[in-house]
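In my numbering, the protein residues as written are 225 to 445.
The beta carbon of each residue, even a glycine, is placed where N, CA and C say it ideally should be.
Here the structure comes first, spelled out in structure tokens, and everything after it is commentary.
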């Protein structure tokens with residue numbers, strides 16, 4: 225009887241062990257898939273722009289009152305880039321200058337600038353291209369090198385970027401600013417800023433870059 229029992233029990237144990245291994249393998253695969261899915265979703269979250277004024281600095285936490293009347297916190301990291309924003313003139317833009325311009329389309333196919341910001345030479349190539357923007361209805365952002373620049377009969381410039389070219393008309397009342405190297409010393413209560421921030425899964429924001437107005441300037445981007 226002992227031998228019979230052993231012969232009957234061994235296959236049963238083997239079958240149960242196989243089922244257990246399959247169950248554990250399936251559970252592992254499901255957990256891995258969930259983790260991979262969570263990572264993919266986190267990577268898909270696009271950076272957001274926060275416009276407003278600094279209310280306080282608390283260590284590595286920047287407190288902001290946004291233009292949408294919200295009190296927010298943004299975390300600074302060792303990789304956060306800080307740039308100053310200073311007033312500029314159309315004369316500061318020359319053929320070959322690398323600029324960015326938020327604009328809206330016009331009926332004739334040109335763009336009407338809402339603002340123009342001039343990058344320092346070391347930042348040439350930043351954000352190269354033409355894309356949708358969030359400064360107003362139908363607004364776009366074009367970053368590229370200035371080709372032709374006409375100021376004698378209206379202010380018009382062509383902007384060349386990889387794969388295309390846009391003609392941008394700059395009205396007389398449109399703000400023009402320079403972007404200049406900066407550091408955290410610019411981040412003081414009352415300073416107007418634009419923050420490019422990366423959202424985390426818990427809803428917190430980490431600053432990728434900050435454009436801070438100098439001498440009372442409000443970044444117009």
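Is residue i buried or exposed, if buried means 16 or more other CB atoms sit within 10 Å of its CB?
i           : result
residue 375 : exposed
residue 307 : buried
residue 441 : buried
residue 291 : exposed
residue 285 : exposed
residue 265 : In this predicted model, residue 265 has a pLDDT of only 49, less than 50, meaning its place in the structure is not dependable; the value taken from the coordinates is given anyway. Per the 10 Å Cβ criterion, exposed.
residue 355 : exposed
residue 428 : exposed
residue 412 : exposed
residue 301 : exposed
residue 435 : buried
Can you tell me which of the options puts its alpha carbon nearest to the alpha carbon of residue i?
i           : options            : result
residue 394 : 322, 335, 431      : 335
residue 343 : 270, 411, 438, 400 : 400
residue 295 : 328, 389, 276      : 276
residue 318 : 270, 326, 383      : 383
residue 378 : 368, 314, 279, 297 : 314
residue 340 : 330, 326, 371, 353 : 326
residue 338 : 352, 358, 424, 293 : 358
residue 273 : 373, 439, 370, 432 : 432
Let's see if you can read the secondary structure: which residues bound the beta strand (DSSP E) around residue i?
i           : result
residue 402 : 400-405
residue 317 : Unbroken run through residue 317: none, as it is neither H nor E.
residue 408 : It is not in any beta strand (DSSP E) - residue 408 carries neither H nor E in the DSSP assignment.
residue 338 : 335-342
residue 438 : Element bounds for residue 438: n/a, residue is neither H nor E.
residue 276 : 272-282
residue 374 : 364-374
residue 353 : 353-356
Based on the DSSP secondary-structure assignment, which residues constitute the bridge partners of residue i?
i           : result
residue 293 : Residue 293 pairs with nothing; no bridge assigned.
residue 390 : 383
residue 329 : 335
residue 199 : In the structure as shown, the chain starts at 225 and stops at 445, and residue 199 therefore has no counterpart that could be examined.
residue 348 : The partner list for residue 348 (beta bridge, DSSP) is empty, contrary to what the question assumes.
Cβ pair count under 8 Å reaching 3, the segment 305-320 against the segment 355-368: no
Segment contact flag, the segment 321-331 with the segment 344-351, C-beta cutoff 8 Å, min 3 pairs: yes
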